[in-house]
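K.L.:
Protein chains in written order, with my numbering: chain V, 315 to 597; chain Y, 23 to 376.
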Amino acid sequence: MRDARLRAIAAVMPSLLVWIGFFLAPLVYLFIVSFWRVRQYRLVTDATLDNYIAAGSEYQHAILFTVVLAGFVGLLTTVLAFALAYLIRFHAGRFGNALLLTVLTTLFGGYLVKIYAWKGLLGSDGIVNRALLETGLISQPITWLLYSPIAVVITLVSFLLPYAVLPINAALRGIADAPIEAARDLGARPVRILIDVILPQCERGVLTAFALAFFISAGDYVTPQLVGGPETFMIGNFIQSQYVNRMNAPIGSALAVVTMLATLAAVALVSFLYRRALRACST
Amino acid sequence: MPSTNDAPLLRLTGVTKAFGSQTALQPLDLSVARGDFLALLGPSGCGKTTLLRIIGGFLSPDKGTVEIDGRDITAIGPEHRPINMVFQGYGLFPHMTVRENVGYGLKIAGHARDKREPQVNAMLEMMHIATLADRLPGELSGGQQQRVALARALVMKPSVLLLDEPLAALDLQLRKSMQSELRNLHREIGGTFICVTHDQSEAIGLANRIAVMNAGRIVQEGTPEDIYKRPANTFVAGFIGDSNILPLMRRSGVCTLASNSIASDGPDAQVAMMVRPTDIQLSEIKPTADICVPGQVADIVFMGDHVKFVVVIETGDTLAVHRPHAECDTGWIGRGVPVFASWSRNDSHVLDRT
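This is the structure we're talking about:
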């Protein structure tokens, strides 16, 4: 009995140490530094809330914009991923696995490769605009496709979609056929079956997919830099700039902590709403 | 369309089904009368589940029609059929309580909460699961889940209740008690039940009509007694109950088994004689009987409520003979002893080989 427990502890120890050393400790350090100050480019220990006051006033807009944009990306990614996983599970038959494999092969293309691919597609001289011009649907290239929040959304959704499909696919595969057929047998139409039987049973998968897409989008600073244009700054860009350009780790840390709390709150809210919405729809 | 009580409640005409190149159902007719408890019995892959799913509306037949009360419902989906199903493995909604599971169909049908609650409560009472109303299916035993699945289907007051291997997931003890409970339930509510099973004792214990299926056809249909006593061919004989099947040749209306000549109408063919192990007598000296074959006891097995003798007869065939304990105790019989196995012509059947 004691041996088994010791063995279990020994088994998780390596990963626990890695987690503590490379995740928890830096996070705690980040949190502590957020109360410090910088004087003549040097960190000074302190217990000030000035950094948080700055984060709350000067960067309020950036944080809100980031949460809204990432929330939109998360929502869109989750809906598309659900549709795809639903198709694979219920309608693609034996082509389901081939379809899933096709979705996953897009993971071979790296993150930056995808960003540049979208630059080539969405630019004024890009494939989309050229095609529209050739067919005569437009006479001037659409300029807001690239270097805009829309470009950031498109790029992030396309990058995150395969990641979001995986947990939803796993959740849908876990749902047995019999309850679905039983609902049909009891008179439920497809939409009712989706709301009453399928969505409640894949709650964890859907929320995992959303959280994954949302957190990655909220923390991203490369995509807005490359396709977002001069007006689209997400909070990641400001944090990066505080650390790299202004050498002000305390403000950067405070911004990171606030963003983290805001995104966690947003995911908690979405989880709560998911359950509430299903309950409201079912009666 | 008005229906008299004589007209069948459910009628299938010329129903066929193939999956790709695999034929699941040969052209098949089936009638089920109001109040019947029909068992579709057969080995796995015989098409019984396909047939049940066609009746339920989950599969549409390639050809043929399904009528209920004279109304053609072939093209109607399961959500609009007056038929409900108890699924194999029950198919309960795992995230809903017992009460929500049972009330789901009525809710979908648009019954207000205060109208459906009394019906749900009455059904929970009837199935003896009222105390479990607020539990989730995962917290119930197999037998309790079975009751919930039955309650969920029966609360819809279906014209026909379909049961897909209803007792397969239960252990032996529970299966027996659930079997008599299902029978009582059928008698109490007077509904029409169709049940799929591969277990012949379950079919005999539950149903008042049995359709034995093999390779996509209904091989024989009748009461359990009919099918047990007068099997149509060697497949049915072998599938229902224990039986001895002895291959014979029929020539000019006579079959020969050892020194016995047995009259049998029909063309010259390879046939078989079927005789139940309980209908065979064993004796030390040659008895006067319709059919008598000398042989030797190869083995004696104690089976609890009876003793099974394995007898190798003159023709080289092996007979299983079930006798009460008392006969074993008389002392003359033992392993290796020569015996005469005998039975009456009325207890044996000459069947077509399948």
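For glycine and all other residues, C-beta sits at the position ideal for the given N, C-alpha and C.
Closer than 7 angstroms by beta-carbon distance: list the chain A residues that pair up with Ile95 of chain Y, in chain order.
P.N.:
Chain labels in this structure do not include chain A; the protein chains are V and Y.
K.L.:
For Met23 of chain Y, does the count of other Cβ atoms within 10 angstroms reach 16, so buried, or fall short, so exposed?
P.N.:
For Met23 of chain Y, the predicted model reports a pLDDT of 41, less than 50, meaning its position is unreliable; a value from the coordinates is still stated below. Of the other Cβ atoms in all chains shown, fewer than 16 fall within 10 Å of the Cβ of Met23 of chain Y; this residue is therefore exposed.
K.L.:
Going along chain V, which residues have a C-beta under 8 angstroms from Asn106 of chain Y?
P.N.:
Asp499, Leu500
K.L.:
Helix, strand or coil for Cys350 of chain Y, going by three-state DSSP, please let me know.
P.N.:
helix
K.L.:
Quick check: is the beta carbon of Pro514 of chain V nearer than 7 angstroms to any beta carbon in chain Y?
P.N.:
yes
K.L.:
Curious, which full-length alpha helix (DSSP H) runs of at least 4 residues does the region 224–259 of chain Y contain?
P.N.:
246–251
K.L.:
Between Pro328 of chain V and chain Y, is there a C-beta pair that is closer than 7 angstroms?
P.N.:
no
K.L.:
Count Cβ pairs between the region 162–180 of chain Y and the region 111–126 of chain Y that sit closer than 8 angstroms; are there 3 or more?
P.N.:
Yes, the region 162–180 of chain Y touches the region 111–126 of chain Y.
K.L.:
Check for me: the alpha helix (DSSP H) holding Asp136 of chain Y runs from which residue to which?
P.N.:
135–148
K.L.:
Taking all protein chains shown into account, decide if Asn411 of chain V is buried (16 or more other Cβ within 10 angstroms of its Cβ) or exposed.
P.N.:
Its Cβ having fewer than 16 others within 10 Å, Asn411 of chain V is exposed.
K.L.:
Compile a chain-ordered list of the residues in the region 565–595 of chain V whose CB is closer than 7 angstroms to at least one CB of chain Y.
P.N.:
none
K.L.:
For chain Y, check one thing: does any of its Cβ atoms lie closer than 7 angstroms to the Cβ of Val332 of chain V?
P.N.:
no
K.L.:
Quick check on this structure: which residue in V:Ser555, V:Asp510, V:Val471 has the alpha carbon closest to the alpha carbon of Arg593 of chain V?
P.N.:
Closest in alpha carbon position to Arg593 of chain V, among V:Ser555, V:Asp510, V:Val471, is V:Asp510.
K.L.:
Going by the DSSP bridge assignment, what does Ala379 of chain Y pair with across the sheet?
P.N.:
The question about residue 379 of chain Y has no answer here: the residues shown for chain Y are numbered 23 through 376.
K.L.:
Suppose the cutoff is 7 angstroms on Cβ atoms and the five residues either side in sequence are ignored; what does the same chain contact list for Val177 of chain Y look like?
P.N.:
Taking Val177 of chain Y as the centre and dropping the five residues before and after it, the same chain places the C-beta of Val124, Gly127, Leu128, Gln141, Val142, Met145 closer than 7 angstroms to its C-beta, in chain order.
K.L.:
Can you grab the Cα-Cα spacing for the pair Leu475 of chain V / Leu390 of chain V, in whole Å?
P.N.:
9 angstroms
K.L.:
CB-CB under 7 angstroms to Leu373 of chain Y, same chain, minus the five flanking residues each way: which ones, in chain order?
P.N.:
Pro253, Asn255, Thr256, Ala259, Val293, Ala294, Met296
K.L.:
Which same chain residues end up closer than 6 angstroms to Pro455 of chain V when comparing Cβ atoms and leaving out the 5 residues on each side of it in sequence?
P.N.:
Ser438, Asn443
K.L.:
Check whether the Cβ atoms of Ala398 of chain Y and Ile240 of chain Y sit closer than 7 angstroms, and answer yes or no.
P.N.:
The question about residue 398 of chain Y has no answer, for chain Y in this structure spans 23 to 376.
K.L.:
Give me the Cα-Cα distance between His375 of chain V and Leu363 of chain V, rounded to the nearest whole angstrom.
P.N.:
19 angstroms
K.L.:
Could one say the Cβ of Pro493 of chain V lies closer than 7 angstroms to chain Y's Cβ atoms, at least one of them?
P.N.:
Closer than 7 angstroms: yes.
K.L.:
Across which residues does DSSP place Ser555 of chain V in a beta bridge pair?
P.N.:
DSSP output for Ser555 of chain V lists no bridge partner at all.
K.L.:
Relative to the C-alpha of Arg356 of chain V, which residue among V:Val572, V:Cys595, V:Asn562, V:Leu587 is closest?
P.N.:
V:Asn562
K.L.:
If I measure Cβ to Cβ from Ser25 of chain Y and keep anything under 6 angstroms in the same chain, skipping five residues before and after, which residues do I get?
P.N.:
With a pLDDT of 45 at Ser25 of chain Y, under the threshold of 50, the modelled position of that residue is not reliable, and the figure given next carries that caveat. Closer than 6 angstroms at the Cβ level, and outside the excluded window around Ser25 of chain Y, lie Asp91, Gly92.
K.L.:
Answer with yes or no whether the minimum CB distance from Ala496 of chain V to chain Y is below 7 angstroms.
P.N.:
yes
K.L.:
CB-CB under 6 angstroms to Pro316 of chain Y, same chain, minus the five flanking residues each way: which ones, in chain order?
P.N.:
Glu336, Phe362
K.L.:
Please state whether DSSP places Leu31 of chain Y in a helix, a strand or coil.
P.N.:
coil
K.L.:
Please confirm if Gly111 of chain Y has its CB atom under 7 angstroms from at least one CB of chain V.
P.N.:
yes
K.L.:
Closest by CA to Gln242 of chain Y, which one among Y:Phe324, Y:Leu74, Y:Gly64?
P.N.:
Y:Gly64
K.L.:
DSSP three-state label for Ile216 of chain Y, please.
P.N.:
Looking at Ile216 of chain Y - three-state DSSP - the assignment turns out to be strand.
K.L.:
With a threshold of 16 other CB atoms inside 10 Å of the CB of Arg316 of chain V, please say whether the residue is buried or exposed.
P.N.:
With fewer than 16 other Cβ atoms within 10 Å, it is exposed.
K.L.:
Counting along the chain, where does the beta strand (DSSP E) carrying Glu89 of chain Y start and finish?
P.N.:
Residues 85–90.
K.L.:
Identify which residue in V:Ser371, V:Ile346, V:Ile367, V:Ala368 has its Cα closest to the Cα of Asp292 of chain V.
P.N.:
Examination of residue 292 of chain V is not possible in this model, given that chain V is present from 315 through 597 alone.
K.L.:
For Asp327 of chain Y, name the three-state secondary structure that DSSP assigns.
P.N.:
Note: Asp327 of chain Y maps to coil in three-state DSSP.
K.L.:
Whole-angstrom Cβ separation of Tyr535 of chain V and Asn551 of chain V, contact assumed at under 8 angstroms?
P.N.:
5 angstroms
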